[in-house]
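Chemist:
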Amino acid sequence: MGGVQPLPGSFRDPSGSVYQFEGRIFRTVNGCFSQDFDFVTSTGLFKKLATEGLLLPFEVVSADVLKLSDPKPRYVLEAPRLPFISYPYEWSFPALKAAALLHLRIHLQSLEVGVTLSDASAYNIQFQGNHPVFIDHLSFRRYQSGEMWVGHRQFCEQFLNPLLLRAFFGISHNAWYRGTQEGITTGEIRRLLKWRHCWKWNVLTHVVLQDLFQKTSTKRTKSLQNHSLAQASFPLPSFKAMLEKMFHWISQLTPLNKGQSTWWDYDKTCSYSSMETKSKKQFILEFAQTVQPTFLWDFGCNTGEYSEAALNGGARNVVGFDFDQGALDGSYHRAVERRLSFQALFMDAANPSPNQGWNGHERESLQSRASADAVLALALVHHLAIARNIPLVQVVNWLIMLAPQGVIEFVPKNDPMVQELLSLRQDIFSEYTAEHFMGLLKEKAVIIKNETVSKSGRLLVWFKRK
Amino acid sequence: MRHLGICLVISIILIVFGFENSALAYLDPGTGSMVLQLLLGGIAGAVVILKLYWGRFVGLFRGNAREESEHSSSEDQK
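So this is what it looks like as structure tokens:
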């Protein structure tokens, strides 16, 4: 093999691999899969899905471009590079739901032309802003009469069960999903179910019976193999009906206790007035107009109000992070309604996504995936420095390390929000002052502009790394 | 009626196990999922068969009813 190595997460499928070479993204199609690839291409499905915006478009380029010899790929495809790769354990409920529906929609369209999907991995979907797009061109292969929905179990684990966790129990999927990486097993979700859930046909079949059959068969695997289970037939109309019913069911799912999160209405109930909000937005707008960031990170994005201000100012792509589900849901709907190039992800700033998976590199950490050219950290510092006891110097250094420039908001101790954080605990934060914060910032950055935006003394600081 | 029941059972068995399929993927579909799909396929097959035979099924009663009414009307005529 030549010097180019496949991306660390691209090793499971023998049909081909993904490579990054000279800043471009390539996907190889190995000889063993070329017949299927040729067939799918001949149906016109790739073009149709790409035209509808459901599939990432690609071009077949010279097979020598990667200089691979062992094995030499039959085809090499080049796909546009996405500005940011995100993982299902970082997606909000509505984003995971949109991804699930996209997968089902694509599978149904594929079956119409005699093509099926070989798996149902949520990692095959990425977001362009708030818009989900299918990225794995090698998941498509020729449908063989009578075959089953091979990816059904995986679909349940990676899409359905994580959605049910929030829809039935009000628990977000993110921490659990990040732990397992492969989603939530049907056995686990079944153990959580109450009787009131089980009488529904979809729950009974896709959760209760599937788990029951799995457990029973585990004990009698050998006898089931003797019954040629792997060679049994599933009629095409039943296959389609199963996908359609799953689509209908998932499209009806909504989070339990919607609106009871801490931050979902923060932009309406927070402690500053509309005048103060206006000044804050104006500050962000001016920053974005001047810097014109290609890729901006908004830590503590809440419902995306200031991400939107940055986009209005000229930022091209914004990825926001928050750990509150209500805020993330609000961000998603804001991005969809206003067609913003904005994606809000679940992330605790004190515990960002690490490198993990096979060999510790299958799924990359937040910082190895992309480097932003600007960062917003509005009303975030006090949550880290006071609520999480992270020394102020470390918070400041971390923010400066994230991007070469940005805007940080410092919320002083006399602000009602900080007072609330300190109300039941000892104030051990003698260094948490605006003067000390500015001093730390000036050690590693130049202050371009600063402005006090509230009566309590909230301070916005536009910095540029030295 | 007995013929109809036997027909139904045989048809489901044929639909579920009759057509062999050798499409194997790199992904393990999971035995629980496969058995579930066999069941769902069987139920869907049963619905199709019920639809096909519904006319005959209803016809059996209608036929009986017609026979009975014909029988009773012929008795009336006596």
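Sequence lines, in order, name chains G and R.
Heads up: the first sequence is residues 26 to 491, going by this note's numbering.
Heads up: the second sequence is residues 961 to 1038, going by this note's numbering.
Just so you know, even glycine gets a beta-carbon here, dropped at the ideal spot from N, CA and C.
1. Report the rounded CA-to-CA distance for S94(G) versus R166(G), giving the unit in angstroms.
2. Go ahead and pull the three-state DSSP assignment for F979(R).
3. Only counting the same chain, and skipping five residues up and downstream in sequence, which positions put a Cβ closer than 6 Å to that of F180(G)?
4. Between the Cα of W426(G) and the Cα atoms of D452(G), N414(G) and A395(G), which residue gives the shortest distance?
5. Spatial neighbours of L218(G) within its chain, please: CB distance less than 8 Å, with the 5 preceding and 5 following residues excluded, ordered by chain position.
6. Is Q277(G) helix, strand or coil by DSSP?
7. So, at 6 Å on beta carbons, what are the nonlocal neighbours of F312(G) in its own chain, with the 5 sequence-adjacent residues on each side left out?
8. Between the stretch 146-158 of chain G and the stretch 362-376 of chain G, do three or more beta carbon pairs fall short of 8 Å?
9. Counting only Cβ-Cβ distances shorter than 7 Å, please list the residues of the stretch 1000-1019 of chain R near chain G, keeping chain order.
10. Output needed for S982(R): all residues of its chain with C-beta closer than 7 Å, excluding positions within five of it in sequence on either side, in chain order.
11. Compare the Cα-Cα distances from P119(G) to each of R413(G), G325(G), R490(G) and L281(G) and report the closest residue.
12. Alpha carbon to alpha carbon, how far is Q45(G) from E172(G)? Give it in angstroms, no decimals.
13. For a cutoff of 9 Å on Cβ pairs, would you count A257(G) as touching chain R?
14. Between H156(G) and chain R, is there a C-beta pair that is closer than 9 Å?
15. Within the continuous beta strand (DSSP E) that includes L485(G), where are the two ends?
16. Using a beta-carbon distance cut-off of less than 9 Å, what residues from the stretch 59-86 of chain G approach chain R?
17. Would you check if the distance between the CB atom of I110(G) and the CB atom of F184(G) is smaller than 9 Å?
18. Under a Cβ-count criterion, where at least 16 other Cβ atoms within 10 Å of its own Cβ denotes burial, should A439(G) be classed as buried or exposed?
19. Quick one: what does DSSP say V418(G) is sitting in, helix, strand or coil?
20. For chain A, check one thing: does any of its Cβ atoms lie closer than 9 Å to the Cβ of S393(G)?
21. Around the Cβ of S390(G), are there at least 16 other Cβ atoms within 10 angstroms (buried) or fewer (exposed)?
22. Note down, in chain order, each residue of its chain lying with its Cβ closer than 8 Å to the Cβ of I131(G), except the 5 sequence neighbours on either side.
23. What are the uninterrupted segments assigned as alpha helix (DSSP H) that are 4 or more residues long and contained completely in the stretch 330-394 of chain G, given in chain order?
24. In the structure shown, what three-state DSSP assignment does I160(G) receive?
25. For the beta strand (DSSP E) containing Q134(G), list its first residue and its last residue.
26. Compare the C-beta of K438(G) against all C-beta atoms of chain R and say whether one is closer than 9 Å.
27. Indicate the three-state DSSP secondary structure (helix, strand or coil) for F109(G) in the structure shown.
28. H403(G) and E445(G): beta carbons closer than 9 Å?
29. Name, please, each residue of chain R whose Cβ falls closer than 7 Å to the Cβ of G208(G).
30. With 9 Å set as the bound, which would you pick, yes or no: does the beta-carbon of A147(G) sit closer than that to a beta-carbon of chain R?
31. Which residues in the same chain as V138(G) place their Cβ atom closer than 7 Å to its Cβ, once the five residues preceding and following it in sequence are excluded?
32. Rounding to the nearest angstrom, what Cα-Cα distance links Y357(G) and D373(G) in this structure?
33. Is it true that the stretch 410-418 of chain G meets the stretch 328-348 of chain G, where meeting means three or more beta-carbon pairs spaced less than 8 Å apart?
34. State yes or no: is the C-beta of E476(G) within less than 9 Å of the C-beta of L485(G)?
35. May I ask you to list the residues that DSSP assigns as paired with Y100(G)?
Modeler: To lay it out plainly:
1. Locating residue 94(G) in the first sequence gives position 69, counting from the first residue. Locating residue 166(G) in the first sequence gives position 141, counting from the first residue. If I take the Cα positions, the gap works out to 25 Å.
2. If you number the second sequence from 1, residue 979(R) lands on position 19. With a pLDDT of 42 at F979(R), under the threshold of 50, the modelled position of this residue cannot be trusted, and the question is left open.
3. Taking the first residue of the first sequence as 1, we reach residue 180(G) at position 155. Closer than 6 Å at the Cβ level, and outside the excluded window around F180(G), lie A145.
4. Here residue 426(G) refers to the residue found at position 401 of the first sequence. The identity of residue 426(G) in the sequence shown is Met, whereas the question assumes Trp. Residue A395(G) is the option with its Cα nearest to M426(G).
5. Along the first sequence, read from residue 1 onward, the residue named residue 218(G) stands at position 193. Correct list, in chain order: F193, V228, V232 and V233.
6. Start at 1 with the first residue of the first sequence, and residue 277(G) comes out as number 252. Helix, per DSSP.
7. In the first sequence, the residue the question calls residue 312(G) occupies position 287. Here the set comprises V432 and W487.
8. yes
9. L1000, G1001, A1004 and G1005
10. The count along the second sequence starts at 1 and reaches residue 982(R) at position 22. Note that S982(R) has pLDDT 43, beneath the 50 cutoff, so the model's placement of it is unreliable and no number is given.
11. The count along the first sequence starts at 1 and reaches residue 119(G) at position 94. Nearest option by C-alpha distance: L281(G).
12. Within the first sequence, numbered from 1, the residue matching residue 172(G) stands at position 147. Within the first sequence, numbered from 1, the residue matching residue 45(G) stands at position 20. Distance between the alpha carbons of E172(G) and Q45(G) is about 35 Å.
13. The count along the first sequence starts at 1 and reaches residue 257(G) at position 232. Closer than 9 Å: yes.
14. Reading the first sequence from its first residue, position 131 is the one you call residue 156(G). Closer than 9 Å: no.
15. To locate residue 485(G), count along the first sequence from 1; it is residue 460. Per DSSP, L485(G) belongs to the beta strand (DSSP E) from L484 to R490.
16. none
17. Reading the first sequence from its first residue, position 85 is the one you call residue 110(G). Reading the first sequence from its first residue, position 159 is the one you call residue 184(G). The answer is no: Cβ separation not under 9 Å.
18. Numbered from its first residue, the first sequence carries residue 439(G) at position 414. Reading off the sequence shown, one finds Asn at residue 439(G), where the question assumed Ala. By the neighbour-count rule (16 or more Cβ atoms within 10 Å), N439(G) is not buried but exposed.
19. For the purposes of this step, residue 418(G) is taken as the residue at position 393 of the first sequence. DSSP places V418(G) in helix when its eight states are reduced to three.
20. Reference to chain A is not applicable here, since the protein chains of this structure are G and R.
21. The residue labelled residue 390(G) in the question sits at position 365 within the first sequence. Exposed, because fewer than 16 other Cβ atoms sit within 10 Å of the Cβ of S390(G).
22. The residue given as residue 131(G) occupies position 106 in the first sequence. Only L74, L79, L80, L142 and F159 meet the Cβ criterion.
23. 330-338, 350-362 and 391-394
24. Residue 160(G) sits at position 135 when you count from the first residue of the first sequence. Here I160(G) sits in coil by DSSP.
25. Your numbering for residue 134(G) matches position 109 in the first sequence. It is not in any beta strand (DSSP E) - Q134(G) instead sits in the alpha helix (DSSP H) that spans F118 to E137.
26. Along the first sequence, read from residue 1 onward, the residue named residue 438(G) stands at position 413. No, its Cβ sits nowhere closer than 9 Å to a Cβ of chain R.
27. Looking up residue 109(G) in the first sequence gives position 84. It is coil, neither helix nor strand.
28. Counting from 1 along the first sequence, the entry for residue 403(G) is found at position 378. Counting from 1 along the first sequence, the entry for residue 445(G) is found at position 420. The sequence shown places Leu at residue 403(G), not His. No, the Cβ-Cβ distance between L403(G) and E445(G) is not below 9 Å.
29. Residue mapping note: residue 208(G) aligns to position 183 of the first sequence, counting from 1. Residues of chain R passing the Cβ test: none, with the nearest at roughly 13 Å.
30. Along the first sequence, one-based indexing puts residue 147(G) at 122. Cβ-Cβ to chain R under 9 Å: no for A147(G).
31. In the first sequence, the residue the question calls residue 138(G) occupies position 113. Answer for V138(G): T68 and L70, listed in chain order.
32. The residue given as residue 357(G) occupies position 332 in the first sequence. The residue given as residue 373(G) occupies position 348 in the first sequence. Looking at the two C-alpha atoms, the distance is approximately 17 Å.
33. no
34. Residue mapping note: residue 476(G) aligns to position 451 of the first sequence, counting from 1. Residue mapping note: residue 485(G) aligns to position 460 of the first sequence, counting from 1. Yes, the pair counts as a contact, with Cβ atoms nearer than the cut-off.
35. Against the first sequence, residue 100(G) aligns to sequence position 75. Per DSSP, V54(G).
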